[in-house]
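Take a look at the structure set out below.
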Amino acid sequence: TGMTPIMYFDTAAIIITLVLSGRYLEARAKAHTGDALKKLIGLGAKNAHVVRNDRETDIPISEVKPGDILRVKPGEKIPVDGIVTDGTSSINESMITGEAIPVDKRVEDQVIGATINTTGTFLFQAQKVGQDTVLSQIIDMVAQAQSTQAPVQRLADTVSAFFVPSVLILSVITFLTWLISGSFPLALSHTIAVLVIACPCAMGLATPTAVMVGVGRGAEKGILIKNAEKLETAYKTKTVIFDKTGTLTSGSPQVTDFKIMDNIEEVAQILKLPSKKGATADFIKYVIASVENLSEHPLAKAVVQYFQKPQLGQVTDFENLEGFGVKAKLNHLDVLIGNNKLFEKTRVLNSHGLINKAKLLEKQGKTIIYVALNHKHVAIIALQDTLKTEAKDAVSKLKKMGMQVWMITGDNETTANAIAQAAGISNVLADVLPQQKAAKVKELKSITLNKHYSASNHVAFIGDGINDAPALAASDIGIAMGTGTDVAIETAGITILNKDLGSVISAIKLSRVTMNIIKQNLFWAFGYNILLIPVAMGFLYPVFGITLNPALAAFAMAASSISVVTNSLRLKKVKI
Numbered sequence: 001t002g003m004t005p006i007m008y009f010d011t012a013a014i015i016i017t018l019v020l021s022g023r024y025l026e027a028r029a030k031a032h033t034g035d036a037l038k039k040l041i042g043l044g045a046k047n048a049h050v051v052r053n054d055r056e057t058d059i060p061i062s063e064v065k066p067g068d069i070l071r072v073k074p075g076e077k078i079p080v081d082g083i084v085t086d087g088t089s090s091i092n093e094s095m096i097t098g099e100a101i102p103v104d105k106r107v108e109d110q111v112i113g114a115t116i117n118t119t120g121t122f123l124f125q126a127q128k129v130g131q132d133t134v135l136s137q138i139i140d141m142v143a144q145a146q147s148t149q150a151p152v153q154r155l156a157d158t159v160s161a162f163f164v165p166s167v168l169i170l171s172v173i174t175f176l177t178w179l180i181s182g183s184f185p186l187a188l189s190h191t192i193a194v195l196v197i198a199c200p201c202a203m204g205l206a207t208p209t210a211v212m213v214g215v216g217r218g219a220e221k222g223i224l225i226k227n228a229e230k231l232e233t234a235y236k237t238k239t240v241i242f243d244k245t246g247t248l249t250s251g252s253p254q255v256t257d258f259k260i261m262d263n264i265e266e267v268a269q270i271l272k273l274p275s276k277k278g279a280t281a282d283f284i285k286y287v288i289a290s291v292e293n294l295s296e297h298p299l300a301k302a303v304v305q306y307f308q309k310p311q312l313g314q315v316t317d318f319e320n321l322e323g324f325g326v327k328a329k330l331n332h333l334d335v336l337i338g339n340n341k342l343f344e345k346t347r348v349l350n351s352h353g354l355i356n357k358a359k360l361l362e363k364q365g366k367t368i369i370y371v372a373l374n375h376k377h378v379a380i381i382a383l384q385d386t387l388k389t390e391a392k393d394a395v396s397k398l399k400k401m402g403m404q405v406w407m408i409t410g411d412n413e414t415t416a417n418a419i420a421q422a423a424g425i426s427n428v429l430a431d432v433l434p435q436q437k438a439a440k441v442k443e444l445k446s447i448t449l450n451k452h453y454s455a456s457n458h459v460a461f462i463g464d465g466i467n468d469a470p471a472l473a474a475s476d477i478g479i480a481m482g483t484g485t486d487v488a489i490e491t492a493g494i495t496i497l498n499k500d501l502g503s504v505i506s507a508i509k510l511s512r513v514t515m516n517i518i519k520q521n522l523f524w525a526f527g528y529n530i531l532l533i534p535v536a537m538g539f540l541y542p543v544f545g546i547t548l549n550p551a552l553a554a555f556a557m558a559a560s561s562i563s564v565v566t567n568s569l570r571l572k573k574v575k576i
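Each residue of the sequence shown is one higher than the one before, counting from 1 in UniProt numbering.
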């Protein structure tokens, strides 16, 4: 025909080069999103010193069995989880819990695999090996969480489902429009530009990359996030409920006062107790220690430790009354030990003198245990669980973050208010039995929702994970502190492996930063396509003479995906 054919070999070569270069850079950037998981996998020890038949042998970690006795020397990694059987040392657990201060370990203390022995040599018995260790559970949890989708991703998924057919339709419209205008080269160029630049990759990467980096960053700090949905829920949280014992407080109550009734001699005669006041007090201590020794409650253990009675009596008919106390028999005495609700329930007549003393002690934030022998109120015991040093600062920071802070406890109103005031908390739920916590959390959720008229105002419950499972499950997001127990990990949305309340702040900050990154990514991904597809179609050409050739379209497409991944990687550097 005499016409010179239009060649696009150079354009095709440039497009392929830019697309492949973009994919390479994107792959490199995405590889860094899993750095935290790789780091966790690399934490484990490779070998162990096993002691069998009084001989020490080095074996691969995979050959360690539960029950093996292992030796750990200074500077070595602890191979598996277990319990110390001989020796003492200090262990650096920061790689698991995020807590920098070494933890002293002695006989019968638990040790965690992959933590580092800093000082002494000790022996321990292997209990959990292979996939059952804390480290393996953390790795599994992080890997699973990184592969989950946040609810906000549904928007991107919905758009992506219509994206490809829409782009094909737009490309056909572009080709026909420019062809009708009489320019086949421009029709072909703009059509190719539309097909190249329209890429749902950035939308697909917007959420997963941020979730991978965010969850990994949390794991590095000892914060285990169950899945992306819980990450988003934490971001939406506006109300925080703290369990008192073991969460706001140290969880190690100490006896501060022991008071017996003023006219104890008269009562001693009636009850057939030793008649001298000193002897009577000692006998009452003996009875209390004997009964409380059968209880697993932290307060009971503190009482037994305080009285330090070498000889304990033969207790019968022992019964634990959850939320109230205990009752039992010792010799000829019916023994009741518990809170004031126990006395109300069993109709014990209170000693006015002891009740007045109890009220004064409660104003100091102390917990009172009441003691009755044969339904006569004979003594009170005051215990105090000290507030964690960082509690007041943590509460203050939560308030500055716009949170409403509550405290829930089984203590009476006077004791609860004294502790809450010291922590800077003005909202208190007192006299709550353990089995009532979940109901109170649900009640508070409904009140909060009605008050703020928003379904996005989520409630977080923060407990120690030991007996708080129902309350953790009842909240929008449960945060279990200072535990790696299966129950806590299963129930809680976020598990914090140390006991520092500052980690709660870090967890919420992390959720907020991660969700903001996701929103930025989605905004860029949508904005990129909304702005540049019309340009590629040639909307600006008739007026401004601006067009987007296929090579530039390929560059823009690659840059969009790389920018989303790079933005997500900023999470690795953000201070939380």
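Where a beta carbon is used, it is the ideal one built from N, C-alpha and C, also for glycine.
Count the other CB atoms, across all protein chains shown, that sit within 10 Å of the CB of residue i; report buried if there are 16 or more and exposed otherwise.
i, result
"Gly67", "exposed"
"Pro74", "exposed"
"Leu248", "buried"
"Thr228", "It is Ala, not Thr, that sits at residue 228 in the sequence shown. By the 10 Å Cβ count, Ala228 comes out buried."
"His458", "buried"
"Asp500", "buried"
"Tyr453", "Any answer about Tyr453 is weak, because its pLDDT of 47 lies below 50 and its placement is not dependable; what the coordinates show is given next. Answer is exposed; the Cβ neighbour count stays below 16."
"Asn417", "buried"
"His332", "exposed"
"Phe544", "exposed"
"His377", "buried"
"Asn340", "buried"
"Ser506", "buried"
"Ser189", "buried"
"Pro151", "exposed"
"Leu224", "buried"
"Asn263", "exposed"
"Leu273", "buried"
Pick helix, strand or coil for residue i, following the three-state DSSP scheme.
i, result
"Thr409", "coil"
"Lys343", "In the sequence as presented, Lys is not what sits at residue 343; that position holds Phe. In the structure shown, Phe343 sits in a helix (DSSP, three-state: H, G or I)."
"Gln364", "coil"
"Phe242", "strand"
"Met557", "helix"
"His458", "strand"
"Asn263", "coil"
"Lys309", "coil"
"Gly278", "helix"
"Arg217", "helix"
"Tyr453", "Any reading at Tyr453 needs caution, since the residue's pLDDT is 47, under 50, leaving its predicted position unreliable; the model's value is listed next. If DSSP states are grouped into helix, strand and coil, Tyr453 belongs with coil."
"Gly527", "helix"
"Ala379", "strand"
"Gly204", "helix"
"Ser90", "strand"
"Arg71", "strand"
"Met401", "coil"
Take residue i and list the residues in its own chain whose beta-carbon comes closer than 8 Å to its own, dropping the five residues that flank it on each side.
i, result
"Arg570", "Ile517"
"Val303", "Val255, Ile288, Ala289, Glu292, Ile369, Ile381, Leu383"
"Gly120", "Pro74, Gly87, Thr88, Ser89, Ser90"
"Lys285", "Phe258, Phe307, Lys309"
Pop quiz: residue i and residue j are said to be a contact at Cβ under 8 Å. What is the actual Cβ separation, rounded to whole angstroms?
i, j, result
"Ile508", "Trp406", "Contact doesn't hold; Cβ gap of about 15 Å is too wide."
"Gly463", "Asp243", "4 Å"
"Val504", "Ile479", "6 Å"
"Ala219", "Val111", "About 20 Å; that fails the 8 Å criterion."
"Ala525", "Val564", "6 Å"
"Ser160", "Gly204", "7 Å"
So, at 7 Å on beta carbons, what are the nonlocal neighbours of residue i in its own chain, with the 5 sequence-adjacent residues on each side left out?
i, result
"Ser568", "Thr33, Thr209, Ala210, Val213, Ile517, Asn521"
"Gln153", "Thr207"
"Asp317", "Ala328, Lys329"
"Thr133", "Val80, Asp81, Gly113"
"Lys366", "Thr256, Ala382, Leu383, Gln384, Thr415"
"Leu321", "Lys327, Gly338, Leu342"
"Val129", "Val64, Lys65, Pro66, Val80"
"Gly44", "Ile61, Gly113, Ala114, Leu135"
"Leu349", "His377"
Please return the same chain residues whose Cβ sits closer than 6 Å to the Cβ of residue i, not counting the five positions on each side in sequence.
i, result
"Ala536", "Ala193, Val194, Ile197, Leu548, Ala553"
"Thr118", "Ser90, Asn92, Pro102"
"Ser171", "Thr191, Val194, Leu195"
"Asp476", "Thr233, His458, Val459"
"Gly98", "Lys221, Gly222, Asn498"
"Ser511", "Leu231, Ala234, Tyr235"
"Phe258", "Ile381"
"Asp54", "none"
At a Cβ threshold of 8 Å, is residue i touching chain C?
i, result
"Ile477", "Among the protein chains of the structure shown there is no chain C, as only one such chain exists."
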